[in-house]
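In the working numbering, the protein residues as written are 1042 to 1432. For reference, the structure is listed below as structure tokens.
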Ligand SMILES: Cc1cc2nc3c(=O)[nH]c(=O)nc-3n(C[C@H](O)[C@H](O)[C@H](O)COP(=O)(O)OP(=O)(O)OC[C@H]3O[C@@H](n4cnc5c(N)ncnc54)[C@H](O)[C@@H]3O)c2cc1C
Ligand code: SF4
Ligand code: SF4
């Protein structure tokens, strides 16, 4: 079996076409540099389906790279100036309504079971044919894996939050015409950008099938293996954990008997967080149709921000299955959003500029990052090309 290099390498005697950006550039600037937030944007952006996910959870080449540039252009840590997609720069962005809510049915969920109830209702009413969500790995407790649920039962069985990133965009090769997408704000950024600037020809991925987006508010995501390792060092066996709660900076684990088996400041797990999250200024999922989180609501309730006309329609269909009230005080959400923006401005090496050009050119990126502690690192052919076969 011959392993593959970029076309550029195979024809290295030939002068490179101007304007081409190869996966290699993204790999060096983001993935090898340790800044990848595992959103899957590059996977979904690649029209030839050349990017897959390696067992280490990071993107890798699985087929020939054609240098089409899209993986660079849609990566929120490289070519996508994600803040340029925001309609409103201030506060937590555009919202039509805010609620605190919980499911009327008893659902063993993270907060109020709102996401589960919305998805189940949409599916049962024929509004969607499936939902791109996360479900628990059969081998690793509390590790989320990408999943396309097409039945109410599958949605109910996945009513948990996994604090690792889940590469759901890699499931966009399905044949359904209408799905809901649940993900972290960075994932919604990539999806919305891809819908705004679609590939003109035939593409490997069904971005058009995403009709509804639900963002899980997010301060940072963890690398599962590091997270599990830290917990093991603290004497926690994840297979004994029945509930995992993160609220107001506190991290609590409970067993089946609802007994607290571990409590700590979430801050003490920073070493397990994805370093690229430090460059993210979007806590509240500004680009989604609906954003949800535990913040600003009582225990057992979910905070729900309805942002778009689609979000309003979804809420109208699902709300009779929930107990809810208008959420008056949005200040806690604004405060976390502002803290996160401050952090992003500190860690981003390029300027944070909601009015700048949507595209961060390779030259601009390299000149901002090259002499920093987030500098691009040389390509590791053993990692990038080990799954790529020449057809
Ligand atoms: C990495 C991460 C960090 C978060 N940080 C915060 C925070 O700081 N503050 C805050 O208020 N809220 C945070 N949340 C959101 C919060 O934990 C709940 O997910 C949210 O309130 C929904 O609760 P629920 O009971 O309505 O959802 P549920 O009814 O429990 O449903 C959750 C749904 O989300 C899907 N899902 C779970 N994990 C993932 C994932 N990683 N990727 C994609 N889909 C997933 C499940 O499959 C399920 O369909 C975070 C979520 C994640 C994934
Ligand atoms: S941050 Fe997202 S788009 Fe960028 S390389 Fe990682 S998975 Fe791909
Ligand atoms: S902090 Fe930002 S970049 Fe990191 S997982 Fe959450 S939304 Fe994505």
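Even glycine gets a Cβ: it sits at the ideal position worked out from N, Cα and C.
7 Å Cβ shell around residue i - same chain, five flanking residues per side excluded
i            : result
residue 1207 : 1175, 1185, 1186 and 1187
residue 1067 : 1083, 1112, 1113, 1116 and 1119
residue 1189 : 1171, 1173, 1212 and 1215
residue 1260 : 1324, 1377 and 1381
residue 1145 : 1362, 1363 and 1364
residue 1375 : 1132 and 1133
residue 1272 : 1279
residue 1336 : 1258, 1344, 1373, 1374 and 1377
residue 1129 : 1135
Beta bridge counterpart(s) of residue i as assigned by DSSP
i            : result
residue 1334 : 1344
residue 1305 : 1292
residue 1285 : 1294
residue 1034 : This structure cannot speak to residue 1034, because the chain is shown only from 1042 to 1432.
residue 1103 : Residue 1103 is not bridged to any residue.
residue 1434 : One cannot answer for residue 1434 here, as it falls past the ends of the chain, which runs 1042 to 1432.
residue 1260 : Answer is none; residue 1260 lacks a bridge partner.
residue 1364 : 1143
residue 1138 : 1347
residue 1253 : 1221
residue 1109 : 1062
residue 1094 : 1100
residue 1400 : 1121
residue 1376 : None, per the DSSP bridge assignment.
residue 1205 : 1263
Test item: CB-CB of residue i and residue j under 8 Å
i            : j            : result
residue 1434 : residue 1413 : The question about residue 1434 has no answer here: the residues shown for the chain are numbered 1042 through 1432.
residue 1182 : residue 1282 : yes
residue 1342 : residue 1153 : yes
residue 1334 : residue 1210 : no
residue 1139 : residue 1294 : no
residue 1096 : residue 1109 : no
residue 1370 : residue 1351 : no
residue 1159 : residue 1359 : yes
residue 1310 : residue 1270 : no
Residues near residue i by beta carbon distance below 6 Å, same chain, minus five either side
i            : result
residue 1150 : 1157 and 1200
residue 1353 : 1137 and 1347
residue 1228 : 1080
residue 1338 : 1141 and 1344
residue 1029 : With the chain covering only 1042 through 1432, there is no way to say anything about residue 1029.
residue 1284 : 1295
residue 1302 : 1294 and 1296
Spatial distance of residue i from residue j (CA atoms)
i            : j            : result
residue 1239 : residue 1116 : 14 Å
residue 1165 : residue 1349 : 22 Å
residue 1344 : residue 1307 : 20 Å
residue 1121 : residue 1143 : 35 Å
residue 1320 : residue 1394 : 13 Å
residue 1418 : residue 1074 : 5 Å
residue 1242 : residue 1420 : 30 Å
residue 1423 : residue 1404 : 26 Å
residue 1222 : residue 1134 : 20 Å
residue 1137 : residue 1377 : 20 Å
residue 1179 : residue 1392 : 42 Å
residue 1231 : residue 1280 : 33 Å
residue 1194 : residue 1251 : 21 Å
residue 1061 : residue 1426 : 20 Å
residue 1163 : residue 1069 : 41 Å
residue 1356 : residue 1365 : 11 Å
residue 1245 : residue 1085 : 8 Å
residue 1220 : residue 1161 : 12 Å
residue 1408 : residue 1415 : 12 Å
residue 1234 : residue 1300 : 44 Å
residue 1264 : residue 1218 : 32 Å
residue 1202 : residue 1291 : 15 Å
residue 1388 : residue 1099 : 21 Å
residue 1071 : residue 1402 : 14 Å
residue 1340 : residue 1406 : 42 Å
residue 1052 : residue 1304 : A caution first: residue 1052 carries a pLDDT of 47, below 50, which makes its placement in the model unreliable, though a value can still be read off. So the alpha carbons of these two residues sit roughly 56 Å apart.
residue 1247 : residue 1169 : 14 Å
residue 1274 : residue 1287 : 20 Å
residue 1191 : residue 1332 : 22 Å
residue 1298 : residue 1076 : 39 Å
Same chain, Cβ closer than 8 Å to residue i, five either side skipped, listed in chain order
i            : result
residue 1262 : 1078, 1079, 1204, 1205, 1206, 1225, 1314, 1315 and 1318
residue 1249 : 1236 and 1239
residue 1148 : 1154, 1157, 1158, 1197 and 1200
residue 1177 : 1183, 1184, 1185, 1186, 1199, 1201 and 1203
CB contact below 8 Å: residue i versus chain C
i            : result
residue 1249 : Absent from the structure is chain C; it holds one protein chain and no more.
For the structure I just gave you, are there three or more beta carbon pairs, one from the region 1314-1331 and one from the region 1254-1269, closer than 8 Å? Contact between the region 1314-1331 and the region 1254-1269 is present, because at least three Cβ pairs lie under 8 Å.
Determine, using beta-carbon pairs with one atom in the region 1115-1126 and one in the region 1396-1411, whether at least three such pairs fall under 8 Å. Yes, they touch.
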